[in-house]
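Enquirer:
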Amino acid sequence: MITRAAPHAVVLLFVALAWAPSAAAQTAPEQRQIEATKLSKVPKLKKSVEAEYPAEARDKGIEGEVALLIVVGAVGKVQSVGIAEPANPPGMGFEEAAVTAAQQFEFEPAEVDGKPIAVQINYRFKFKPPTKAPLPPAPATSAPPPPTAGATPPPAPAKEPVTNFSGLLRERGTRLPLAGVLVTVFRDDGEKPLGFEATSDDKGAFHFVDLGSGPWKILIDPPGYYPFRTTEEIHPGEKTQVTYYVEKGTYNPFDLTVTAVRPRKEVSRTVISAQEIDKIPGTAGDPLTVIQNFAGVARAPLLSGLIIVRGSAPNDTRVFADGAEIPLVYHFGGLRSVIPIGLMDGLEFYPGNFSPSYGRAIGGIIDVQIKKLAPKRVGGYIDVSILDSSLYLEVPLGDKAAVAAAVRRSYLDVLLNATIPSDSTVNLITAPRYYDYQLLANYRPTPAHDIRAFFIGSDDRFAILFKNQGDLGTQVNSNTASLSTTFYRSLLTYRWIPSDRFENMAQIAQGRNQTSFRVGQLAFDINQYSSQMRDTARFKAAASATFSLGGDVIFQKTDLLVRLPRPPQEGEPQSMQLDISNLIEEHLNGQVQWLPGAFAELEWKPIPGLLVLPGVRVDHFSSVNETVVQPRVTARFQVTPKLTFKAGAGRFAQEPQPWESDSKFGNTALKTERAWHYSAGVEYKPRPYLTVDATGFYKDLQNMVSTTNAVIVQDGMTRPLVYDNNGVGRVIGLELVARHDFTHNFTGWLAYTLSRSERRDSGKTDYRLFDYDQTHILAVLGSYQLPRNWIVGGRFRYVSGNPITPVVGSVVNASSDQYSPVFGQVNSARLGAFHQLDLRIDKKWVYPRWILDVYLDLQNVYNRSNPEGITYNYNFTQSKPQQGLPILPILGIRGEF
Amino acid sequence: MGRALWGAALLGLLTLAGGGRAVAQELEPPAPRQGYFLSLGVYGASTTAHEKGAWVGPWVGAGGAVRVGELITRRFGLGLTIEGSATRGDGQKASVLALGAEASFAVVGNLALRGGLGIASMGLHDPRDPFESSTRGVTGARFAAGISYDWFVKRKRLSGGYALTPSVQVRYVPGDDTYGFYTLVGVELTYWTGLPPRQLALPASEAWRK
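Protein sequence lines, in the order shown, are assigned to chains S and D.
281 is the number that the numbering used here gives to position 279 of the first sequence; each next residue is one higher, with no gaps.
236 is the number that the numbering used here gives to position 107 of the second sequence; each next residue is one higher, with no gaps.
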């Protein structure tokens, strides 16, 4: 019997390791001593071999002990074994047996700063003769019976070791087991110190046998953790069991999860992990608000929730969750995303030239990566902020399955109801409130099969009652206004990877969208069922060629009631007063729409360093009865490990907005809107953690839906055409990104976009600026991790103001006695520039079983009055800018368990 | 862009001050200024404001503050401050209520420089003016600077303890039409929790002491 609980002086614990250059390990003329605590990883015994008990010693029941010096190489192999202390007793063959066994050991190598190094370690073999029959446990301090005089004493029966001190090692705060950690017990016992070591197993368990009674000092000092020091009293005949929570030196959110990132294939792609998103200043911890900090993304108007990518209209960009489109990104126009941070691994953002696997969009793509559940324990968080509270819980179900659930509810309604005075002109029937809920389940019966089910639901509601009917408007025939938006989606994904050459992913999504808006006689009610099926197969035909083939189909059934004036198109000045004298009414019951699509892509590596991805997507749009073939190609050429050139071109198509192709509101003869994307750039990686990316892009927008004054004759009647496809557009720009991955305690990036986005409306000869054209968009942000679990971060943004159409005069309507504006040239003026500094401070308090995380997000630190629009007086002779949010502190608290 | 640059520079200074040597799980030798702090301060206060193109004040009075935070490295600390003051002069009154994040940096021993950002409301009131606007004054960002010294009168512990902290602090509350300064000079009673033994470099005789 060999035990690795080896007694030796406690002083060895601290400097048991010596850096040994591999070739000179045995002579080691210039060994450089380093402290074990400097290692970022201690060597861990991977393969242990039992020493053969010397026959003579075994037969005579003689115990022995040998201390070895083992040099473990940088790859974990034993390079040499020496005798540190001769065997006791000598000459029985203990040394030879121990050396032979130790030479067959294998280790996980030690590391300094992540680099494996050779080290020399002390290892002590203790030989105890095997017992022939189980013996009752004896107290550790029990003495053998005295020998009988005159008789040859029989060999003393070997004592079965008794575990009398055991415990579990857990990481403080997270409760994760600490495996492979050395636990030392020691005490001054007479003339020399006495100590024992044990190493925790995969579950963090450790045990000691036959510890003498009395007080023992305990030391646990793994690299990267604060030392854990305590004392325990061992009582005779009793077992002592403990659980120790060892505190990490820093609870770094940026390295909690290492997610495999798909190799870059696109010209432009931004990938950001949930851990990074969670700490970005100015977002108050909201996952999707981070998008506005990416290159190519314009600043959206306050509380609009719009996503404006590379000069495209907000409706041109699609948002997906694991490949399934979700209809709503934010609650109430950008207050909060519908997907909580706990359910995300990260998000991928493609501002253009995206893969053929994405379609029905001519702007950009945002794909939220839903979490790949692999919890090691029951855990989650409770998050409380000024807007809402949320709960997230994840539970492992054995080794192969896990479930997670989340729910969130706002309390704006409670706050508003409490603050509105009783003499106010309004009553809140339903104050603004939102909630969302998610359920995620993951089952991996074998590594080749991965089944995931995801369900998400969201509900926003708002209703207001004006005490006086006239307060809502003289033309409105009611004093109530209400808005509600509800949706749910269920998504089932099955990924099958039978070999490293083939992979298939099948998805089925089903859901319902419901939106209702009522103000007096104005109404918009839509109830839509949506189903989506999608399959993507990937086949590696050769080392240089991989094919991806797939198809998806969206089925939608819609019930609709609309009674509204025609909405203004992009480029049309917003009317100052809503004219509801000319309402258009539309009823649709069970209108069916099919959107089938198919795509193919080849990943071709014709020469080392060059990756070419030709592909094609074909979409059919049943609402306009049109099929569009969209060829796309991207290429990347890695000239050196640090330098990559890239380029792409492709065609993209999307259907007109629903009202544009409606028979009452628009023109049923409309066709799809098209865009050609061209981009080219260079990536330079001067350091492993630093990436600089410069990408130029050009978008040629064709068939754009535009307002027209033309008329058509339909069923013998002349009616306005309203819209046609004769609009065109062009967007040109340059994006510059410098990104610093988390290292040296810092992460952050600089994103700058210089662009110009123009449109030429139907029947016009000149281009005009796009509504959200922003010449300069700069975002600089960073987070710095300080000791004691503090993180400070800042974000600075500078963005050119949006174009506006100036009011150059006004006319008075004699019947209504109201002034109407006279507009100048469309988008010929600009609002003032936007700039803002946001700061964020995060602090974690680590308790044994949970972590308290408090953050203060201070937005608009220097209280800049940013212009968001222009307001006019009654006759449009005076104007002043509408101001954005002032300095705003947002406090959030999260308990992680 | 003036204030933008000012804010960005302050952000940079704060980051640099704390970011020079951020070393995780490094055991610190015991010292009196360690761990979390809670501080209650009483001050003599003075207020000066610039409104309608002219300066008013300085008016004098009294103020108080509560500060909580933590010393993150051996020199650099972060925390929150809530403070208020009331001053009067020239027949007028000024009141300030502020909330801010505060950084401190020990330059020599227990002598520390302070800097901070936050929000403040500085209200000005003239009881003699019946037509005075109820919103007279300025509300918005608040920038802070100061200097303090922690005097540990009686040391009983290796790490942490009570200190008397004389301090001099200046605040600036910018605004478009009105902006103001106020100063706080006084003393704080500060309690430093000290670091837990596991985070201290202790001799063996102390390390396992219960």
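Note that CB positions come from ideal geometry on N, CA and C, so glycine has one too.
(1) Which residues share a DSSP beta bridge with asparagine 90 (chain S)?
(2) Determine the chain S residues that contact glutamine 163 (chain D) at a beta-carbon separation under 8 Å, and present them in chain order.
(3) Quick check on the DSSP output: the alpha helix (DSSP H) that includes serine 334 (chain D) runs from which residue to which?
(4) If you measure beta-carbon to beta-carbon, which residues of the stretch 858-874 of chain S are closer than 9 Å to chain D?
(5) DSSP on glutamate 58 (chain S), reduced to helix/strand/coil?
(6) Under 7 Å between beta-carbons, which chain D residues line up against isoleucine 889 (chain S)? List them in chain order, please.
(7) In this structure, does DSSP put isoleucine 101 (chain S) in helix, strand or coil?
(8) Going by DSSP, name the residue or residues bridged to valine 316 (chain D).
(9) For the stretch 676-692 of chain S and the stretch 652-668 of chain S, state whether three or more C-beta atom pairs, one from each stretch, are separated by less than 8 Å.
(10) Does the beta-carbon distance from glycine 894 (chain S) to aspartate 859 (chain S) come in below 9 Å?
(11) Return the chain-ordered list of same chain residues with a C-beta closer than 6 Å to the C-beta of alanine 297 (chain S), the five sequence neighbours on each side being excluded.
(12) Checking 9 Å against the spacing of the C-beta atoms, do leucine 441 (chain S) and alanine 403 (chain S) come in under that value?
(13) Using 9 Å as the limit for Cβ to Cβ distance, is isoleucine 453 (chain S) near chain D?
(14) Please return the same chain residues whose Cβ sits closer than 7 Å to the Cβ of serine 202 (chain S), not counting the five positions on each side in sequence.
(15) What residues from chain S crowd round arginine 327 (chain D), counting only those whose CB sits closer than 7 Å?
(16) Would you say proline 303 (chain D) faces chain S, with C-beta separation under 9 Å as the test?
(17) Alpha carbon to alpha carbon, how far is isoleucine 343 (chain S) from aspartate 280 (chain S)? Give it in angstroms, no decimals.
(18) Give every residue of the same chain whose Cβ lies closer than 7 Å to the Cβ of valine 267 (chain D), excluding the five residues on either side of it in the sequence, and list them in chain order.
(19) Roughly how many angstroms separate the alpha carbons of leucine 435 (chain S) and isoleucine 714 (chain S), rounded to a whole number?
(20) Could you give the distance in angstroms between the alpha-carbon of tryptophan 751 (chain S) and the alpha-carbon of glycine 784 (chain S)?
(21) Relative to the C-alpha of leucine 330 (chain S), which residue among S:Ile368, S:Ile364, S:Gly354 and S:Arg301 is closest?
(22) Contact criterion: CB-CB distance below 9 Å. Does proline 883 (chain S) meet it with respect to chain D?
(23) Between serine 794 (chain S) and chain D, is any beta-carbon pair separated by less than 9 Å?
(24) May I ask you to list the residues that DSSP assigns as paired with phenylalanine 526 (chain S)?
(25) Please tell me whether phenylalanine 234 (chain D) has its Cβ less than 9 Å away from any Cβ of chain S.
(26) Just the C-alpha distance for glycine 247 (chain D) and isoleucine 211 (chain D), rounded to the nearest angstrom, thanks.
(27) What three-state label does DSSP hand proline 23 (chain S) in the structure shown?
(28) How should phenylalanine 167 (chain S) be labelled, buried or exposed, when 16 other C-beta atoms within 10 angstroms of its C-beta is the threshold for buried?
(29) For a cutoff of 9 Å on Cβ pairs, would you count arginine 790 (chain S) as touching chain D?
(30) Quick check on leucine 841 (chain S) - is its C-beta less than 9 Å from some C-beta in chain D?
(31) Classify glutamine 294 (chain S) as helix, strand or coil using the three-state DSSP reduction.
(32) Assuming serine 168 (chain D) and arginine 196 (chain D) make a contact with CB atoms under 8 Å, what is their CB distance in whole Å?
(33) Could you give the DSSP three-state label for glutamine 838 (chain S): helix, strand or coil?
(34) Please classify asparagine 444 (chain S) as buried or exposed, where buried requires at least 16 neighbouring CB atoms within 10 angstroms.
(35) Say whether the stretch 815-826 of chain S touches the stretch 236-250 of chain S, bearing in mind that this needs 3 or more beta-carbon pairs closer than 8 Å, one atom from each stretch.
(36) Considering only the beta carbon of each residue, do tyrosine 352 (chain S) and glycine 366 (chain S) sit closer than 9 Å?
Expert: So, from the data block:
(1) By 1-based counting over the first sequence, the position of residue 90 (chain S) is 88. Under DSSP, asparagine 90 (chain S) forms a beta bridge with S:Glu67.
(2) By 1-based counting over the second sequence, the position of residue 163 (chain D) is 34. Residues of chain S with a Cβ closer than 8 Å to the Cβ of glutamine 163 (chain D) do not exist; the shortest Cβ-Cβ separation is about 11 Å.
(3) Position 205 of the second sequence holds residue 334 (chain D). If you look at serine 334 (chain D), you'll find it in the alpha helix (DSSP H) that goes 333-336.
(4) Listed in chain order, the positions of the stretch 858-874 of chain S with a beta carbon within less than 9 Å of a beta carbon of chain D are Leu858, Leu860, Asn862, Val863, Tyr864, Asn865, Arg866 and Ser867.
(5) By one-based count along the first sequence, residue 58 (chain S) stands at place 56. Helix, per DSSP.
(6) Here the question's residue 889 (chain S) lines up with position 887 in the first sequence. Those are Ile248, Gly269 and Ala270, listed as they occur along chain D.
(7) For the purposes of this step, residue 101 (chain S) is taken as residue 99 along the first sequence, with counting starting at 1. As written in the sequence, residue 101 (chain S) is valine, which differs from the isoleucine given in the question. Here valine 101 (chain S) sits in helix by DSSP.
(8) Walking along the second sequence from the start, residue 316 (chain D) turns up at place 187. Bridge partners of valine 316 (chain D) according to DSSP: D:Val171 and D:Pro295.
(9) Yes, the stretch 676-692 of chain S is in contact with the stretch 652-668 of chain S.
(10) Taking the first residue of the first sequence as position 1, residue 894 (chain S) is located at position 892. Taking the first residue of the first sequence as position 1, residue 859 (chain S) is located at position 857. Yes, the pair counts as a contact, with Cβ atoms nearer than the cut-off.
(11) Counting from 1 along the first sequence, the entry for residue 297 (chain S) is found at position 295. Taken in chain order, the residues that qualify are Glu737, Val739, Ala753 and Thr755.
(12) Reading the first sequence from its first residue, position 439 is the one you call residue 441 (chain S). Reading the first sequence from its first residue, position 401 is the one you call residue 403 (chain S). A distance of 9 Å or more separates the beta carbons of leucine 441 (chain S) and alanine 403 (chain S).
(13) Working through the first sequence from its first residue, we reach residue 453 (chain S) at position 451. Under the 9 Å criterion on CB atoms, isoleucine 453 (chain S) is classed as non-interfacial with respect to chain D.
(14) As a first step, residue 202 (chain S) is located in the first sequence; it is residue number 200 there, counting from the start. If we look at serine 202 (chain S) and ignore the five residues flanking it on each side, its Cβ neighbours are Leu171, Leu180, Ala181, Gly182, Val183, Val185 and Phe208.
(15) Walking along the second sequence from the start, residue 327 (chain D) turns up at place 198. Per Cβ cutoff of 7 Å: Tyr228, Pro229, Phe230, Arg231 and Glu249.
(16) To locate residue 303 (chain D), count along the second sequence from 1; it is residue 174. With respect to chain S, the C-beta atom of proline 303 (chain D) has a partner C-beta closer than 9 Å.
(17) Taking the first residue of the first sequence as position 1, residue 280 (chain S) is located at position 278. Taking the first residue of the first sequence as position 1, residue 343 (chain S) is located at position 341. Cα-Cα distance, rounded: 7 Å.
(18) Within the second sequence, residue 267 (chain D) is the residue found at index 138, counting from 1. Met251, Val302, Gly304, Thr307, Tyr308 and Gly309, listed in sequence order.
(19) Walking along the first sequence from the start, residue 435 (chain S) turns up at place 433. Walking along the first sequence from the start, residue 714 (chain S) turns up at place 712. In the sequence as presented, leucine is not what sits at residue 435 (chain S); that position holds arginine. Whole-angstrom Cα-Cα distance: 45 Å.
(20) What you label residue 751 (chain S) is simply residue 749 of the first sequence in a count that begins at 1. What you label residue 784 (chain S) is simply residue 782 of the first sequence in a count that begins at 1. Tryptophan 751 (chain S) and glycine 784 (chain S): Cα-Cα distance of roughly 6 Å.
(21) For the purposes of this step, residue 330 (chain S) is identified with residue 328 of the first sequence, where counting begins at 1. Of the listed residues, the one whose Cα sits closest to leucine 330 (chain S) is S:Ile368.
(22) In the first sequence, residue 883 (chain S) corresponds to position 881, counting from 1. Using beta-carbon distances, proline 883 (chain S) does not count as an interface residue toward chain D, since no partner is under 9 Å.
(23) For the purposes of this step, residue 794 (chain S) is taken as the residue at position 792 of the first sequence. The question names serine, but residue 794 (chain S) is valine in the sequence shown. Chain D contact via Cβ: present.
(24) Here residue 526 (chain S) corresponds to residue number 524 of the first sequence, with the count starting at 1. Note: phenylalanine 526 (chain S) is bridge-paired with S:Phe519 and S:Val564 in the DSSP secondary-structure output.
(25) Numbered from its first residue, the second sequence carries residue 234 (chain D) at position 105. For phenylalanine 234 (chain D), the nearest beta carbon of chain S is not closer than 9 Å to its own beta carbon.
(26) Residue 247 (chain D) sits at position 118 when you count from the first residue of the second sequence. Residue 211 (chain D) sits at position 82 when you count from the first residue of the second sequence. Cα-Cα distance, rounded: 10 Å.
(27) By 1-based counting over the first sequence, the position of residue 23 (chain S) is 21. Reliability fails at proline 23 (chain S), whose pLDDT of 29 lies under 50, so the model's placement of it is uncertain and no value is given.
(28) Here residue 167 (chain S) refers to the residue found at position 165 of the first sequence. Counting Cβ neighbours within 10 Å, phenylalanine 167 (chain S) comes out buried, since at least 16 surround it.
(29) Counted from its first residue, the first sequence places residue 790 (chain S) at position 788. Using a Cβ-Cβ cut-off of 9 Å, arginine 790 (chain S) counts as an interface residue toward chain D, since at least one Cβ of chain D sits closer than that to its own.
(30) As a first step, residue 841 (chain S) is located in the first sequence; it is residue number 839 there, counting from the start. It does; some Cβ of chain D falls within 9 Å.
(31) The residue you call residue 294 (chain S) lines up with position 292 of the first sequence. Here glutamine 294 (chain S) sits in helix by DSSP.
(32) The residue you call residue 168 (chain D) lines up with position 39 of the second sequence. The residue you call residue 196 (chain D) lines up with position 67 of the second sequence. 4 Å between Cβ atoms; contact.
(33) Taking the first sequence and counting its residues from 1, one reaches residue 838 (chain S) at position 836. In the displayed model, glutamine 838 (chain S) falls within a strand according to three-state DSSP.
(34) The residue you call residue 444 (chain S) lines up with position 442 of the first sequence. When all chains shown are included, asparagine 444 (chain S) counts as buried.
(35) As far as the Cβ criterion goes, the stretch 815-826 of chain S does not touch the stretch 236-250 of chain S, which means the pair count is below three.
(36) For the purposes of this step, residue 352 (chain S) is taken as residue 350 along the first sequence, with counting starting at 1. For the purposes of this step, residue 366 (chain S) is taken as residue 364 along the first sequence, with counting starting at 1. Contact: yes.
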